[in-house]
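Asker:
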Amino acid sequence: MAATLKDATAIVGIGQTAFAKQLPQSEKELACRAILAALDDAGIDPSEVDAFSSYTMEETDEVEVAKGIGAGDVTFFSKIGYGGGGSCATVGHLAAAVATGQASVGVAWRSRKRGSGPRPWKNTAVQLPTPGQWTRPFGLLRPADEIGMLARRYMHEYGATRDHLFNVAMACRNRANENPAAMMYERPLTREMYMTARMISDPLCLFDNCLETDGALACVIVSAERARDCRQKPVYVHSVAQGLPSQHHGMVNYWNDDPLSGPAWTAARHLWKQADFGPQDVDVAQIYDAFTPLIPLSLEGYGFCGRGEGAAFTEGGALEMGGRLPINTGGGGLSEAYVHGFNLINEGVKQLRGISTAQVPDAATCLVTAGEGVPTSAILLRA
Amino acid sequence: MTTQTTTTTTSADELLLPVPDEDGAPFWEYAAQGELRIQACAAPDCGKLRFPPRPCCPHCRSFDSEWRRMSGRGRIWSYVRPHPPLLPAYAAQAPYNVILVELADAPQIRLVGNLVTSADAPLDSMDPARLRIGARVQVVFTETGGIAVPRWVLEKS
Numbered sequence: 001m002a003a004t005l006k007d008a009t010a011i012v013g014i015g016q017t018a019f020a021k022q023l024p025q026s027e028k029e030l031a032c033r034a035i036l037a038a039l040d041d042a043g044i045d046p047s048e049v050d051a052f053s054s055y056t057m058e059e060t061d062e063v064e065v066a067k068g069i070g071a072g073d074v075t076f077f078s079k080i081g082y083g084g085g086g087s088c089a090t091v092g093h094l095a096a097a098v099a100t101g102q103a104s105v106g107v108a109w110r111s112r113k114r115g116s117g118p119r120p121w122k123n124t125a126v127q128l129p130t131p132g133q134w135t136r137p138f139g140l141l142r143p144a145d146e147i148g149m150l151a152r153r154y155m156h157e158y159g160a161t162r163d164h165l166f167n168v169a170m171a172c173r174n175r176a177n178e179n180p181a182a183m184m185y186e187r188p189l190t191r192e193m194y195m196t197a198r199m200i201s202d203p204l205c206l207f208d209n210c211l212e213t214d215g216a217l218a219c220v221i222v223s224a225e226r227a228r229d230c231r232q233k234p235v236y237v238h239s240v241a242q243g244l245p246s247q248h249h250g251m252v253n254y255w256n257d258d259p260l261s262g263p264a265w266t267a268a269r270h271l272w273k274q275a276d277f278g279p280q281d282v283d284v285a286q287i288y289d290a291f292t293p294l295i296p297l298s299l300e301g302y303g304f305c306g307r308g309e310g311a312a313f314t315e316g317g318a319l320e321m322g323g324r325l326p327i328n329t330g331g332g333g334l335s336e337a338y339v340h341g342f343n344l345i346n347e348g349v350k351q352l353r354g355i356s357t358a359q360v361p362d363a364a365t366c367l368v369t370a371g372e373g374v375p376t377s378a379i380l381l382r383a
Numbered sequence: 384m385t386t387q388t389t390t391t392t393t394s395a396d397e398l399l400l401p402v403p404d405e406d407g408a409p410f411w412e413y414a415a416q417g418e419l420r421i422q423a424c425a426a427p428d429c430g431k432l433r434f435p436p437r438p439c440c441p442h443c444r445s446f447d448s449e450w451r452r453m454s455g456r457g458r459i460w461s462y463v464r465p466h467p468p469l470l471p472a473y474a475a476q477a478p479y480n481v482i483l484v485e486l487a488d489a490p491q492i493r494l495v496g497n498l499v500t501s502a503d504a505p506l507d508s509m510d511p512a513r514l515r516i517g518a519r520v521q522v523v524f525t526e527t528g529g530i531a532v533p534r535w536v537l538e539k540s
């Protein structure tokens, strides 16, 4: 076998805008600001950018972004489908492009105004066919409803409780309380608040849901060789995987043999196969948390514990600082910002640079995952 | 898979209507006759059921299919109770239940639906205390906006 992606490329720049319920700038402007900040962080001139990757749900396309930042000739661009499932694959596609010589400076980004913008379930006029015809007429309208269905079954099958989901919400909130850029900075959460919160889709309450946010983030990927000359300490892209399991149906994954083993399992198998280390060697993890139940499901999928053990894994402060696996150290989608998981990528880079607001001492390896429950992706980063 | 987006005009006080695609259309046609039918492979050596419907059998890759009548009995595999913010017609009946039913004839086939006290009763008609994973249910059909939609009632024991 010839080329391998293992440590062939590195993330050398990260950038972000403010996170807020409402920002005055357009998504296009936010995208350009985050990208320019990431390039400045890397010490690379925007005219050197020749590759772009983002999500299919990103509304500012690469043509606009390239014009806006003054990129040179672009020789690689890609977009990844399935909403939050695309986050880590943007880095993966750029790593592949750079490692195989299709481009030299790649920018991945996500810009989103969902704090102040429209939400799909408010749209009464347009319905999607398959699989919407099988779910939406019955009032299964929102992602929270769709994941709540899996969560209820998971709780029933494995004895998971709302206290386990609270452990997840609490770990993310505690980290956000330490992160001045987070939406939930200085806004502590208590068990009392969680247990008495209004329900969104029972069994999921308000605090089981991520924060709809306005904001943008970006990162810059170059070859490992080039990375050595950049301004920042390189964070190597060690392993990359996407995951679309056999007979998977997307968020409403109720129609295969085993709805509780989602795309994380598929992505994980490939991710670990390509890596020099395993789950036991991960110092810190940034796990996609649009909803709290995605954490136990992902802990199982990525091999941190056995099937059905994800809820119990969250006990005893395991996800907190100093615990078995500190997660979402910037606050995650639940408490830092929900920008389709891109903040998890940048937080992973911060940990391996040693500059997180909730720094895991000597963190050298980090798992970052994309949306679970939809065709997904993941990356392993190493210092 | 058909990927066209269909636009329907639904007023704020109406529940969403199913928008059948080419593969799903027979399901709704049989529902209009009060029958719950699931697509099955029509290849002689296969015959496996599949849901959601699609042109090709994932087991034997045959493009021949038929629609097999189900007994209409099943068990609740899971459920949620959505609370607002929701589309107006749903908010008006919230909190209601959405259940996932595994069919007695084919437990791997699971249908999203609502547990109600009778076919035409509102989505919130069932006492939430009676929602239970494993509860036995029976399909009924109700007409909404000219389309027959399956709903579920508790099976009489």
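For the protein sequence lines, the chains are A and B, in the order given.
FYI, our numbering numbers position 39 of the first sequence as 39, with every residue one higher than the one before it.
FYI, our numbering numbers position 34 of the second sequence as 417, with every residue one higher than the one before it.
Virtual Cβ for every residue (Gly too), placed ideally from N, Cα, C.
Here the structure is a predicted model, which means the values were calculated and not measured.
When the distance is taken between beta carbons, is K21 (chain A) closer than 9 Å to E212 (chain A)?
Answerer: Numbered from 1 along the first sequence, position 212 holds the residue referred to as residue 212 (chain A). Numbered from 1 along the first sequence, position 21 holds the residue referred to as residue 21 (chain A). Closer than 9 Å, so yes.
Asker: Just to check my reading of the structure: V495 (chain B) and V520 (chain B) have Cβ atoms closer than 8 Å, yes? What is that Cβ distance to the nearest angstrom?
Answerer: Indexing the second sequence from 1 puts residue 495 (chain B) at position 112. Indexing the second sequence from 1 puts residue 520 (chain B) at position 137. No, V495 (chain B) and V520 (chain B) are not in contact; Cβ-Cβ is about 13 Å, not under 8 Å.
Asker: Would you verify that the beta carbon of F524 (chain B) is, or is not, closer than 9 Å to some beta carbon of chain A?
Answerer: Numbered from 1 along the second sequence, position 141 holds the residue referred to as residue 524 (chain B). For F524 (chain B), the closest Cβ of chain A is not nearer than 9 Å.
Asker: On the three-pair Cβ rule with 8 Å, is the stretch 347–365 of chain A touching the stretch 186–204 of chain A?
Answerer: no
Asker: If we define contact as Cβ-Cβ less than 9 Å, is N208 (chain A) a contact residue for chain B?
Answerer: Residue 208 (chain A) sits at position 208 when you count from the first residue of the first sequence. A small correction: the amino acid at residue 208 (chain A) is Asp; Asn does not occupy that position in the sequence shown. It does not; no Cβ of chain B falls within 9 Å.
Asker: Going by DSSP in three states, F313 (chain A) sits in which element: helix, strand or coil?
Answerer: Within the first sequence, numbered from 1, the residue matching residue 313 (chain A) stands at position 313. Here F313 (chain A) sits in helix by DSSP.
Asker: Return yes when the Cβ of G92 (chain A) is within less than 9 Å of the Cβ of T376 (chain A), no when it is not.
Answerer: For the purposes of this step, residue 376 (chain A) is taken as residue 376 along the first sequence, with counting starting at 1. For the purposes of this step, residue 92 (chain A) is taken as residue 92 along the first sequence, with counting starting at 1. Inclusion of T376 (chain A) and G92 (chain A) in the CB contact set at 9 Å is not warranted, their separation being larger than that value.
Asker: Which residue's Cα is closest to the Cα of E29 (chain A): A:T4, A:M57, A:R110 and A:F52?
Answerer: Mapped onto the first sequence, residue 29 (chain A) falls at position 29. Ranking the options by Cα distance to E29 (chain A), first place goes to A:R110.
Asker: Measuring alpha carbon to alpha carbon, tell me which of B:C440, B:A472, B:G407 and B:G517 ends up nearest P505 (chain B).
Answerer: On the second sequence, position 122 is the one that residue 505 (chain B) refers to. Just measuring C-alpha positions, the residue of B:C440, B:A472, B:G407 and B:G517 sitting nearest P505 (chain B) is B:A472.
Asker: What residues are listed by DSSP as bridge partners for G215 (chain A)?
Answerer: In the first sequence, the residue the question calls residue 215 (chain A) occupies position 215. Note: G215 (chain A) sits in a beta bridge opposite A:R112.
Asker: For the stretch 424–448 of chain B, which residues have a CB atom closer than 8 Å to at least one CB atom of chain A, in sequence order?
Answerer: F434, P435 and P441
Asker: At what residues does the alpha helix (DSSP H) containing I295 (chain A) begin and finish?
Answerer: By one-based count along the first sequence, residue 295 (chain A) stands at place 295. I295 (chain A) -> alpha helix (DSSP H) spans L294 to G301.
Asker: How would you label S201 (chain A), buried or exposed, when you count the other beta carbons within 10 angstroms and need 16 or more for buried?
Answerer: Locating residue 201 (chain A) in the first sequence gives position 201, where the first residue counts as 1. Flag for S201 (chain A) reads buried.
Asker: For the stretch 491–517 of chain B, which residues have a CB atom closer than 8 Å to at least one CB atom of chain A, in sequence order?
Answerer: Listed in chain order, the positions of the stretch 491–517 of chain B with a beta carbon within less than 8 Å of a beta carbon of chain A are Q491, I492, R493, L494, V495, G496, N497, L506 and I516.
Asker: Could you spell out where the alpha helix (DSSP H) holding M170 (chain A) opens and where it closes?
Answerer: The residue you call residue 170 (chain A) lines up with position 170 of the first sequence. M170 (chain A): member of the alpha helix (DSSP H) spanning R162 to A176, first to last residue.
Asker: Counting only beta-carbon atoms, is R114 (chain A) nearer than 9 Å to chain B?
Answerer: Locating residue 114 (chain A) in the first sequence gives position 114, counting from the first residue. R114 (chain A) does not count as touching chain B.
Asker: Measure the C-alpha to C-alpha separation of G72 (chain A) and L325 (chain A) and round it to an integer number of angstroms.
Answerer: Mapped onto the first sequence, residue 72 (chain A) falls at position 72. Mapped onto the first sequence, residue 325 (chain A) falls at position 325. Approximately 42 Å between the Cα atoms of the pair.
Asker: Using a Cβ cut-off of 9 Å, pull out every chain B residue sitting near W265 (chain A), in sequence order please.
Answerer: For this step, residue 265 (chain A) is matched to residue 265 along the first sequence. Within chain B, no residue comes near W265 (chain A); the closest Cβ sits about 18 Å away, beyond 9 Å.
Asker: Is it right to say G528 (chain B) is buried, meaning 16 or more other beta carbons lie within 10 angstroms of its own, or is it exposed?
Answerer: As a working mapping, residue 528 (chain B) is identified with position 145 in the second sequence. Counting Cβ neighbours within 10 Å, G528 (chain B) comes out exposed, since fewer than 16 surround it.
Asker: If we ignore side chains and look at the alpha-carbon of each, how far apart do A125 (chain A) and S78 (chain A) end up?
Answerer: Taking the first sequence and counting its residues from 1, the one referred to as residue 125 (chain A) is at position 125. Taking the first sequence and counting its residues from 1, the one referred to as residue 78 (chain A) is at position 78. Interpretation of A125 (chain A) is limited by its pLDDT of 45, a score under 50 that renders its predicted location unreliable; no figure is taken from the coordinates.
Asker: Beta-carbon of D145 (chain A) versus every beta-carbon of chain B: anything under 9 Å?
Answerer: Position 145 of the first sequence holds residue 145 (chain A). For D145 (chain A), the answer is yes, since a Cβ of chain B falls inside 9 Å of its Cβ.
Asker: Considering only the beta carbon of each residue, do L334 (chain A) and A176 (chain A) sit closer than 9 Å?
Answerer: Within the first sequence, residue 334 (chain A) is the residue found at index 334, counting from 1. Within the first sequence, residue 176 (chain A) is the residue found at index 176, counting from 1. Taking 9 Å as the Cβ cut-off, L334 (chain A) and A176 (chain A) qualify as a contacting pair.
Asker: Determine, using beta carbons only, whether V252 (chain A) comes closer than 9 Å to chain B.
Answerer: For the purposes of this step, residue 252 (chain A) is taken as residue 252 along the first sequence, with counting starting at 1. Interface residue, yes.
Asker: Use the C-beta contact count for K273 (chain A): other C-beta atoms within 10 angstroms, 16 or more gives buried, fewer gives exposed.
Answerer: Walking along the first sequence from the start, residue 273 (chain A) turns up at place 273. Its Cβ having fewer than 16 others within 10 Å, K273 (chain A) is exposed.
Asker: When the Cβ atoms of the stretch 220–228 of chain A are set against those of the stretch 301–321 of chain A, are three or more pairs found closer than 8 Å?
Answerer: no
Asker: Could you tell me which chain A residues have their CB closer than 8 Å to the CB of Y473 (chain B), listed as they occur along the chain?
Answerer: One-based indexing of the second sequence puts residue 473 (chain B) at position 90. What Y473 (chain B) touches in chain A: G139 and L141.
Asker: Give me the Cα-Cα distance between D503 (chain B) and G81 (chain A), rounded to the nearest whole angstrom.
Answerer: One-based indexing of the second sequence puts residue 503 (chain B) at position 120. One-based indexing of the first sequence puts residue 81 (chain A) at position 81. D503 (chain B) and G81 (chain A): Cα-Cα distance of roughly 39 Å.
Asker: Between the stretch 172–201 of chain A and chain B, which residues of the former have CB atoms less than 9 Å from a CB of the latter, in chain order?
Answerer: If the cut-off is 9 Å between Cβ atoms, the stretch 172–201 of chain A has R198, M199, I200 and S201 near chain B.
Asker: Output, in chain order, the set of chain B residues within a Cβ distance shorter than 9 Å of R307 (chain A).
Answerer: As a working note, residue 307 (chain A) is residue 307 in the first sequence. From the beta-carbon of R307 (chain A), no residue of chain B is found nearer than 9 Å; the closest lies around 17 Å away.
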